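Reviewing the structure listed below.
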Amino acid sequence: MQVKIINKIPASPVKRKRVCAYARVSTDSRRQEDSLENQTETYERLIKGNPEYEFAGVYADQGISGYCENRPQFQKMLERARAGEIDLIITKSISRFARNTVTVLKFARELKNLGVGIFFEEQNINTLSGDGEMMLAVLASFAQEESRSMSENNKWSIKKKFERGEVMINTTRFCGYDKNEYGDLVINRKEAEIVRLLFDLYLMNIGSSRLSDLLNFLGVKTMTDGQWESGTIGGMLSNEKYKGDFHLQKYYTPPTRRNVTRRNRGEVQSYYISENHEPIVLPEIWEQVQEMREYRKKKRNIGQDGTGKFQNRYPLSGMLICPFCGKTLRRRQVYNKKIQWLCSIYIEKGKKACKGIRVDDTALAGLNITEQTVVEEVIQNGKKRYCYTTKADFDCGIRNSADCAEIENGGILQGVNRPRRTVIKL
C-alpha cells in the first residue's frame, strides 16, 4: 500500500477593506477648526487600528454648509470611490455627510451601486445592509428638518437683535470703519479719507466709472486688495452708514432658498437707526450726493418705470431686438472692458430662457438706426456677419439671408429708407 501526501493549499490572505472617513464643520471658527483636527486624528487611529481595514485617508471640509454638494474634499472622496479605490466610508452622522435628504440618498445609492458602503456612527447605519436605505431616508428627513429648525431659530435671534437696535456687520470688507472691543463702529482714519474723497469728487460731477478709474490709476486697493469697480463706488455713495445711520435688514433670504439674498423692498420687516455711530461725511453732504444720483438717473431715464429702464441711456438703447425672444439688447461692459450688446432676457435669466445674441459695439459704429431693428448672426463664406432687419419687416417674415446686402463696417441703416437687410463684415 502506498500513501501519497497531498499538501494543504495555503489559505489566500483575506483582502482588507479600503476604508476612509469624512468629516465636516460648517464654520471657520478656531473652535471648530480644533474639532475638525480632533475628528481627523480620531478617524485615522480608528481605521489604522483595525486589522481588517486598509487606511484610505480622511477627507475633511471646513466652513462649508452640508447643503452644498461642491465641497472640495467631499468631491475628491467621491472621485476616488468611483475609481474603485474605496470600499467603505465612515462618517459621524447623516448631517455631517449632507443636510439635504435628496443629496444623502442620491450619493448613498450611487455608492451602493459601486459596492461602496457608508457607515453613519451615530445612527449605526450601513448603507449596504438590507434595511439601510429605508432607515437612511427616514433619519435624513429628520436631519433636514433639524437644520431648517436651527435656521429659523437663527433668523428669530437675529430679528430680536435688530429690534433691540443691535447691529451686525463685518468690517473686513467695509471701507472706512473698524470695530472696537464692544462691537461698535469706529472710524478708520486712513480709509475714511478715501470715502470723503469719493463723496467730494462725485459732487464735482465725476461719475462712478471715472472715480473707479482714478483710484485704480492712483494704485489705491480695495479692502480685498482688488481693483475698484463702478458698482462698488455706487454702493459706497448710497451707504447710509457713512452719515452715521444704520439700516438693518436691507437684504433677506427667501424662505424657499438657501444662501441666496434678495434686496428687501418691503417683503420683511426692516429697522432704521439714526445717529448710531460717528459719521465720516456730514449728513447734508450725503443727502446732496443722493439727490445728484437721482438727478442723473432721471436724466438718463434709468429706473423711472418698469418698461422705461435704460430706454434713452445710449443712442441705440431700446432699438436693437433679439431674434429669438423679441426682447431688446442691453449694452454691457464685458471682459477687458470690451463693450457688447446682449439680449436682456439672456442677461437676467440665462441661456435656458433665451440663447441670446451678442454684438460688439464696434460693429454698430456708423449705423444710423432710426427704428427698432432685429439683429441676427449669420455665417457667409465661413465668416460671421450681422444682419439687420427692421422689426416691421421681421414680423412679416421678411428675413431671407439671400436678400442681405453686404456693406463695409461704417455703413448706414436708416429705418426703411435703406435695404431691408444689411450685413456688417467682421
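Each number in this note's numbering corresponds to the 1-based position in the sequence shown with 22 added. For each residue, glycine too, the CB sits at the ideal point set by N, CA and C. The structure displayed is predicted, hence computed values, not measured ones.
Out of the options, which one is the CA nearest neighbour of residue i?
| i | options | result |
| --- | --- | --- |
| Lys-37 | Gln-95, Arg-93, Val-381, Ile-108 | Ile-108 |
| Tyr-357 | Met-99, Asn-202, Tyr-317, Glu-251 | Glu-251 |
| Gly-372 | Leu-127, Cys-347, Gln-95, Phe-129 | Cys-347 |
| Tyr-274 | Asn-210, Lys-374, Glu-289, Ala-82 | Glu-289 |
| Ala-45 | Gly-340, Ala-120, Phe-221, Arg-354 | Ala-120 |
| Leu-259 | Thr-64, Phe-141, Arg-352, Ser-234 | Ser-234 |
| Leu-380 | Leu-240, Lys-349, Asn-403, Tyr-293 | Residue identity check: residue 380 is Arg in the sequence provided, not Leu. The shortest Cα separation from Arg-380 among Leu-240, Lys-349, Asn-403, Tyr-293 belongs to Lys-349. |
| Ser-115 | Arg-131, Ile-86, Asn-202, Asn-148 | Asn-148 |
| Leu-220 | Leu-342, Glu-101, Val-311, Glu-370 | Val-311 |
| Val-138 | Val-126, Gln-362, Leu-110 | Leu-110 |
| Ile-69 | Thr-113, Ser-48, Leu-58, Ile-27 | Thr-113 |
| Asn-390 | Pro-337, Tyr-408, Gln-355 | Pro-337 |
| Gly-198 | Cys-90, Val-208, Asn-192, Ala-214 | Ala-214 |
| Met-314 | Leu-223, Asp-415, Leu-364, Ile-295 | Leu-223 |
| Met-156 | Leu-136, Val-126, Glu-144 | Val-126 |
| Glu-74 | Val-80, Val-124, Arg-40 | Arg-40 |
| Cys-365 | Thr-384, Pro-345, Asn-202 | Pro-345 |
| Tyr-204 | Arg-195, Ile-216, Ile-191 | Ile-191 |
| Lys-319 | Gly-256, Tyr-294, Arg-352 | Gly-256 |
| Arg-285 | Ser-339, Gln-271, Thr-194 | Gln-271 |
| Gln-61 | Val-47, Thr-254, Lys-212 | Val-47 |
| Cys-42 | Lys-201, Gly-71, Ile-27 | Gly-71 |
| Thr-384 | Trp-363, Ile-401, Ile-367, Ile-369 | Trp-363 |
| Arg-218 | Phe-129, Pro-301, Gly-229, Gly-419 | Pro-301 |
| Glu-450 | Tyr-65, Thr-254, Ala-105, Phe-77 | Coverage of the chain is limited to positions 23 through 448, which leaves residue 450 absent and any answer about it impossible. |
| Gln-394 | Asp-417, Gly-248, Lys-405 | Asp-417 |
| Phe-77 | Arg-67, Ile-86, Gly-85 | Arg-67 |
| Glu-306 | His-299, Gly-266, Gln-291, Asn-298 | Gly-266 |
| Val-303 | Cys-376, Gly-229, Tyr-294, Arg-211 | Arg-211 |
| Asp-206 | Lys-134, Gln-95, His-299 | His-299 |
Go to residue i, then tell me how far its beta strand (DSSP E) extends in each direction, as first and last residue.
| i | result |
| --- | --- |
| Asp-83 | 75-84 |
| Glu-399 | 395-402 |
| Arg-121 | Unbroken run through Arg-121: none, as it is neither H nor E. |
| Phe-268 | 268-270 |
| Ala-43 | 39-47 |
| Lys-481 | Nothing about residue 481 can be reported from this structure: the residues present for the chain run from 23 to 448 only. |
| Thr-113 | 110-113 |
| Arg-380 | 380-382 |
| Tyr-294 | 293-295 |
| Leu-351 | 351-355 |
Run the CB neighbour count on residue i, radius 10 Å, all protein chains shown included, and call it buried at 16 or more, exposed below.
| i | result |
| --- | --- |
| Arg-118 | buried |
| Lys-83 | At residue 83 the sequence reads Asp, which differs from the Lys that was named. Per the 10 Å Cβ criterion, buried. |
| Phe-268 | buried |
| Met-23 | exposed |
| Thr-412 | buried |
| Arg-195 | exposed |
| Met-226 | exposed |
| Cys-409 | buried |
| Leu-240 | exposed |
| Glu-341 | Per the sequence shown, the amino acid found at residue 341 is Met instead of Glu. Buried, by the Cβ-count rule. |
| Met-245 | exposed |
| Gln-402 | exposed |
Under three-state DSSP, which class holds residue i?
| i | result |
| --- | --- |
| Ile-209 | strand |
| Gln-312 | helix |
| Tyr-317 | helix |
| Ile-147 | strand |
| Pro-200 | Correcting the residue type first, residue 200 is Asp in the shown sequence and not Pro. Here Asp-200 sits in strand by DSSP. |
| Phe-221 | helix |
| Gly-137 | coil |
| Leu-68 | helix |
| Tyr-274 | strand |
| Ile-28 | coil |
| Arg-287 | coil |
| Gln-333 | Below a pLDDT of 50, predicted positions are generally treated as unreliable, and Gln-333, at 49, falls in that range; no measurement from the model is reported. |
| Ile-307 | helix |
| Ile-343 | strand |
| Ile-391 | coil |
| Ala-427 | No answer about Ala-427 holds up, because its pLDDT of 38 lies below 50 and its placement is not dependable. |
| Lys-265 | helix |
| Ile-1 | The structure shown has nothing for residue 1, since the chain only spans 23 to 448. |
| Ile-361 | strand |
| Gln-326 | Its pLDDT being 47, under 50, Gln-326 is placed unreliably by the model, and the measurement read from it follows with that caveat. The answer is coil: DSSP assigns Gln-326 none of H, G, I, E or B. |
| Lys-405 | strand |
Considering just the uninterrupted stretch of the alpha helix (DSSP H) at residue i, what are its terminal residues?
| i | result |
| --- | --- |
| Gln-249 | Here Gln-249 belongs to no alpha helix (DSSP H), and DSSP marks it neither H nor E. |
| Ile-367 | 366-371 |
| Arg-232 | 230-239 |
| Leu-100 | 94-104 |
Are there any heavy atoms of the ligand FAD lying less than 7 Å away from the beta-carbon of residue i, as far as the coordinates show?
| i | result |
| --- | --- |
| Lys-272 | Judged by which ligands are present, the structure shown has none, so any question about the ligand FAD falls away. |
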